[in-house]
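Scroll down for the structure; my scribbles are underneath it.
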Amino acid sequence: MAHRKERISNFIREIVSDAIANRINDPRVHRFTSVTRVELSPDLRLANVYVSVMGSENDGRTSIRGLESARGMIQTRVAKQINMRQCPLLRFHLDVSFKKAIDTIRTLDGVRPDAPMDADLEDPQDESPAIDRDDDVAEDH
0 MAHRKERISN
10 FIREIVSDAI
20 ANRINDPRVH
30 RFTSVTRVEL
40 SPDLRLANVY
50 VSVMGSENDG
60 RTSIRGLESA
70 RGMIQTRVAK
80 QINMRQCPLL
90 RFHLDVSFKK
100 AIDTIRTLDG
110 VRPDAPMDAD
120 LEDPQDESPA
130 IDRDDDVAED
140 H
């Protein structure tokens, strides 16, 4: 069943992506809107469609409103192309995980590489020779 859910999710993602790129003329849907993932409910009646929008959070919310407005058209396209007794109901959500990842990377980039390290982690004054475990094993034999 998990493999089937994955195939259906991917198929819905492709159909919705195509609709966003080629069928929706709503100016509210930002031109850099992409479907990041589709999660199906266990009974396959609900499809949560997560979209990422390159732009501000306000652009994202506006795009979601545009997609909700076009849901009927998108739902019809999915129903026509998917071979199921009951087509999953589409719900659109703004996926902010990509933006959070970028913010985390920017934060990490802001950490100074020349900042002093914690003395407990590394002592640059400690010049004791490193122990080579292979030498210890060789001496025992």
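In terms of numbering that gives the first Met the number 0, the sequence shown opens at residue 0 and continues consecutively. Backbone N, C-alpha and C fix where the C-beta goes; we use that ideal spot for every residue, glycine too. Remember, predicted model here, so these are calculated numbers, not experimental data.
Residue 90 in three-state terms, based on DSSP: Residue 90 carries a strand assignment under DSSP once its states are collapsed to helix, strand and coil.
DSSP-derived helix/strand/coil call for residue 62: Three-state DSSP puts residue 62 in a helix.
Where the beta strand (DSSP E) through residue 46 begins and ends: It spans 45-52 - the beta strand (DSSP E) in which residue 46 sits, taken as one unbroken run.
Helix, strand or coil at residue 34 [DSSP, three-state]: Residue state, collapsed to three classes: strand.
Residue from 61, 8, 80, 84 whose Cα sits closest to the Cα of residue 39: Of the candidates 61, 8, 80, 84, 8 places its Cα closest to the Cα of residue 39.
Close Cβ partners of residue 67 (< 8 Å) along its chain, the five nearest in sequence each way excluded: Within the same chain, residue 67 has close Cβ partners 91.
Cβ contact check for the stretch 17-33 and the stretch 83-90: 3 or more pairs under 8 Å: At 8 Å Cβ cutoff, the stretches do not touch.
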